[in-house]
Every structure is written in C-alpha cells, then in structure tokens.
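Asker: Residue numbering for the sequence shown follows the working numbering, starting at -3 and increasing by one per position.
Below are the structure tokens for one structure; questions will follow.
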Amino acid sequence: GALGERLINLAQQLDRDAGWGMIKSGDIEAARVNVRCVEFHEMYADGGLYDTEHNDHGSLITLDCMLSEPGEDFGGGGFQTLEADGEMKDHQFGHGDVM
C-alpha cells in the first residue's frame, strides 16, 4: 500500500543520504528491498523493551513510526538506541516521526 511504498522510499533515501550504498544494483537491488516485518507496539504503564541489546537480525534497515501523540495519548516512555560506544542515546520521537 501507500504507507509501505513511502517507507521503502524513505529507506532508499536514508541509504543515499548516509552514503551506505547498500541499495543499488551490484549490491542489493532496490527491487529486492521490501517490507519484511510490520509490528504494532501498544504503550502501557510499566511497559518497555528492556533488552538493551535487542536488534533486528536479517533486516537491512529498521524504521519505527510514531502513530500516537506522546504526552496526549500516553505519558512517559521514550525511544532509545544502543550506540557503538555502549551508551544508551535518548531520541525525541513525536507523532508522525520516523526513525
């Protein structure tokens, strides 16, 4: 559908902008890039992903899209990534944002 196409286009743009060069002929053809997995996560009190080393094995790029309005639809919560230096990094993640 339209959302899937937009996310694939975003992944291709990120690949170009970051200079990764993974989505091009000779490496990984753009035609082979597709949505492998779609997950829906619902926020609730005391919820969270506590495995700080969680990753999406087998995925070229993982995109997260915030469909709710933080502070209005739910309170608390946050989006963090484990950085190469071992530190957890907090990210601003608002309604409509894609990371």
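By construction, the Cβ of each residue, glycine as well, lies at the ideal position given by its N, Cα and C atoms.
For F70, list the residues DSSP reports as bridge partners.
Answerer: Working through the sequence shown from its first residue, we reach residue 70 at position 74. Looking at the DSSP assignment, F70 forms a beta bridge with P66.
Asker: Please report the straight-line C-alpha distance between W16 and D93, rounded to a whole angstrom.
Answerer: To locate residue 16, count along the sequence shown from 1; it is residue 20. To locate residue 93, count along the sequence shown from 1; it is residue 97. Distance between the alpha carbons of W16 and D93 is about 22 Å.
Asker: For G74 versus H53, is the C-beta distance shorter than 9 Å?
Answerer: Position 78 of the sequence shown holds residue 74. Position 57 of the sequence shown holds residue 53. Result no, Cβ atoms of G74 and H53 do not sit closer than 9 Å.
Asker: Count the other C-beta atoms from every protein chain shown that fall within 10 angstroms of the C-beta of A7, then say buried if there are 16 or more, exposed otherwise.
Answerer: Counted from its first residue, the sequence shown places residue 7 at position 11. Buried, since its Cβ has 16 or more Cβ neighbours within 10 Å.
Asker: Applying the criterion that 16 or more other CB atoms from any shown protein chain within 10 Å of the CB defines a buried residue, is D11 buried or exposed?
Answerer: Counting from 1 along the sequence shown, the entry for residue 11 is found at position 15. Looking at its Cβ environment, which holds 16 or more other Cβ atoms inside 10 Å, D11 is buried.
Asker: Taking L78 and T48 to be in contact with their CB atoms under 8 Å, please state how far apart those CB atoms are, rounded to whole angstroms.
Answerer: Here the question's residue 78 lines up with position 82 in the sequence shown. Here the question's residue 48 lines up with position 52 in the sequence shown. That belief holds up - the Cβ atoms of L78 and T48 are roughly 5 Å apart, short of 8 Å.
Asker: With DSSP collapsed to three states, give me the class of G90.
Answerer: Along the sequence shown, one-based indexing puts residue 90 at 94. DSSP places G90 in coil when its eight states are reduced to three.
Asker: Assuming L56 and M84 make a contact with CB atoms under 8 Å, what is their CB distance in whole Å?
Answerer: Along the sequence shown, read from residue 1 onward, the residue named residue 56 stands at position 60. Along the sequence shown, read from residue 1 onward, the residue named residue 84 stands at position 88. Actually they are not in contact, since the Cβ atoms of L56 and M84 sit about 24 Å apart, beyond 8 Å.
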